[in-house]
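S.K.: Quick note: the sequence shown, position 66, residue 66 per the UniProt record's numbering, numbers continuous. My structure is below; once you've seen it, I'll send some questions.
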Amino acid sequence: MRRARARRRGDRGGAARDRTPLSRRPDRRHARPDGAGGRGDDLRRVRAPCHGRSGGSLRRAARRARRRPDGADAMNIIECDDLGRSFGPTVAVRSVSFSMARGAFLGLLGRNGAGKTTLLHMLTTLVAPDHGDARIDGASVRSEPKAVRAAIGMVFQDTALDGQLTARENLTIHAALHGLRRREAAAEIARSIAWADLEEAADRPTRALSGGMRRRLELARALMHRPRLIILDEPTLGLDTQGRRDLWRRIAGLRESGLSVLMTTHNIAEAEACCEIGVIDQGRLVARGSPAELSRRHGGMGLEEAFLRLTTPGPRDTALPLHAPTDEGRIRRIAR
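Right, here's the structure in full:
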């Protein structure tokens, strides 16, 4: 009887029964019918070292592996291609293309209204581009906005803190939005409060904090989820001399740690502290280089003269140095 059943099974299957032990059989769960390697093979390569992770973590690891750029692109934290945006008849950003290397410090210098903030809003997925695309850490701002937001930390020109909540509560909300687990969030909140020197003010409403304290809190909050790129939109706006100095010391520390920094400014003294400068005028990227290179190419009279030659004259110059010469020297020494 058993032999007859075995023969019938063999006839239906068209092949002899595979007596190979299960532990030695190949994993065919993700194999394609034609035998070619497919998406499942890539997933297995990602999953192999991930014992003990949840399914969501595995999926995230697979997505990161698939989007990681190869070759020269892997050296760039930002790849911006033909990015443009209009608001009604007003063109805010005109076909901007540039790349930024990992670990670099790039400053976007331009007058008020030149398009700097709109460009940052597109890079951070707050505003959708009309055309073009940008990739942040390999993720597209158009098709992978969540991955982009996970890769960046943003300090806005205007405060984004809830003034009725304490500093600790603002950090707690940020940790929850980025999916930090309770124990990890508690550790990061404590570290952020200490880094910002806010131990004594952590439980005060943020509206009661000074401008320098709030700016330090915003920077600490932007760093909580360990981003690969920090974006600063006019970070020293509204700060006094001491607040500016303190903020620049912290930015210098971020650079030394290898974090990529993208900053906008209309302040010549602050722009001179950047490794590279991109000059924005009427929504266009009109020049790029180190402060010394831009000065040499455009008259050799310094960055301020180069900026004035590169940009369209306006009713008043908003890119003149705002600090005394001693402050300019301090900014350069701190940043370098």
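Beta carbons: idealized from backbone N, C-alpha and C, even for Gly. Given the structure is predicted, the values throughout are model-derived calculations rather than measurements.
Quick one: what does DSSP say N267 is sitting in, helix, strand or coil?
M.R.: Coil.
S.K.: For the structure I just gave you, are there three or more beta carbon pairs, one from the stretch 97-116 and one from the stretch 265-284, closer than 8 Å?
M.R.: The answer is yes - the stretch 265-284 touches the stretch 97-116, with three or more Cβ pairs under 8 Å.
S.K.: For A15, which three-state DSSP category applies?
M.R.: With a pLDDT of only 48 at A15, under the threshold of 50, the placement of this residue in the model should not be trusted, and no figure is reported.
S.K.: Buried or exposed: which applies to L171, given that a residue is buried once 16 or more other Cβ atoms fall within 10 Å of its Cβ?
M.R.: Buried: at least 16 other Cβ atoms inside 10 Å.
S.K.: Does the Cβ of L247 have 16 or more other Cβ atoms within 10 Å, making it buried, or fewer, making it exposed?
M.R.: With 16 or more Cβ atoms within 10 Å of its Cβ, L247 is classed as buried.
S.K.: Nearest to S290 by alpha carbon, out of R142, E272, I230, G300?
M.R.: Ranking the options by Cα distance to S290, first place goes to E272.
S.K.: Mind listing, in chain order, the continuous beta strand (DSSP E) runs of no fewer than 3 residues lying wholly within the stretch 265-307?
M.R.: Within the stretch 265-307, the complete beta strand (DSSP E) runs of at least 3 residues are 276-281, 284-289.
S.K.: Out of A190, K146, L219, which one is the CA nearest neighbour of D158?
M.R.: Of A190, K146, L219, the residue nearest in Cα terms is L219.
S.K.: Using DSSP with H/G/I as helix, E/B as strand and the rest coil, what is T125?
M.R.: Coil at T125, not helix or strand.
S.K.: Just the C-alpha distance for R221 and L310, rounded to the nearest angstrom, thanks.
M.R.: Each residue's alpha carbon lies about 36 Å from the other.
S.K.: Between the beta-carbon of D162 and the beta-carbon of T206, is there less than 8 Å?
M.R.: Going by C-beta atoms, D162 is nearer than 8 Å to T206.
S.K.: What residues in its chain sit with their C-beta under 6 Å from that of G115, if we drop five residues either side in the sequence?
M.R.: So the qualifying residues of the chain are A92, V93, I280, G283.
S.K.: Let me check one thing: in DSSP terms, what residues is V148 bridge-paired to?
M.R.: Answer by DSSP bridge pairing: none, since V148 is not bridged.
S.K.: Write down every uninterrupted run of the alpha helix (DSSP H) in the stretch 68-115 whose length is 4 residues or greater and which is fully enclosed by it, in chain order.
M.R.: Runs of the alpha helix (DSSP H) inside the stretch 68-115: none found.
S.K.: I think G132 touches D81, with their Cβ atoms under 8 Å apart; what is that distance to the nearest whole Å?
M.R.: Indeed they touch by this definition, with Cβ atoms about 6 Å apart.
S.K.: So which of T117, M75, L198, M122 has the shortest CA-CA distance to L83?
M.R.: Closest by alpha carbon: M122.
S.K.: Would G299 pass as a contact of A292 if the rule is Cβ separation under 8 Å?
M.R.: No. Outside cutoff.
S.K.: Counting only the same chain and skipping the five closest in sequence on each side, list residues whose C-beta sits under 8 Å from that of R297.
M.R.: Contacts found: A287, G289, A306.
S.K.: Rounded to the nearest angstrom, what separates A128 and M154 at their Cα positions?
M.R.: Rounded to the nearest angstrom, the two C-alpha atoms are 17 Å apart.
S.K.: Ignore the nearest five residues each way along the sequence and tell me which others in R85's own chain have a CB closer than 7 Å to its CB.
M.R.: Taken in chain order, the residues that qualify are A92, V93, T118, M122, V127, P129, D130.
S.K.: How would you call G211, buried or exposed, if buried means at least 16 neighbouring beta carbons within 10 angstroms?
M.R.: By the 10 Å Cβ count, G211 comes out exposed.
S.K.: So if DSSP puts V261 in a beta bridge, which residue, or which two residues, is it bridged to?
M.R.: Answer by DSSP bridge pairing, in chain order: F105, I230.
S.K.: When the Cα atoms are used, what is the spatial distance from E144 to R135?
M.R.: E144 and R135: Cα-Cα distance of roughly 9 Å.
S.K.: Would you identify the three-state DSSP class for G243, choosing helix, strand or coil?
M.R.: Of the three classes helix, strand and coil, the one that applies to G243 here is helix, per DSSP.
S.K.: Among residues of its own chain, excluding the 5 on either side of S99, which ones have a beta-carbon nearer than 8 Å to its beta-carbon?
M.R.: Answer for S99: N76, I78, E79, C80, listed in chain order.
S.K.: At 4 residues or longer, what runs of the alpha helix (DSSP H) sit wholly inside the stretch 155-184?
M.R.: As far as the stretch 155-184 is concerned, its whole alpha helix (DSSP H) runs of at least 4 residues are 167-177.
S.K.: Taking all protein chains shown into account, do 16 or more other C-beta atoms lie within 10 angstroms of the C-beta of F87, making it buried, or fewer, making it exposed?
M.R.: By the neighbour-count rule (16 or more Cβ atoms within 10 Å), F87 is not buried but exposed.
S.K.: Just tell me which of E304, A194, V261 has its CA closest to the CA of R228.
M.R.: R228 has its Cα closest to that of V261, out of E304, A194, V261.
S.K.: Between the Cα of T236 and the Cα atoms of L120, R215, A194, which residue gives the shortest distance?
M.R.: For T236, the nearest C-alpha among the options comes from R215.
S.K.: How big is the Cα-Cα spacing for S295 and M263?
M.R.: Distance between the alpha carbons of S295 and M263: 20 Å.
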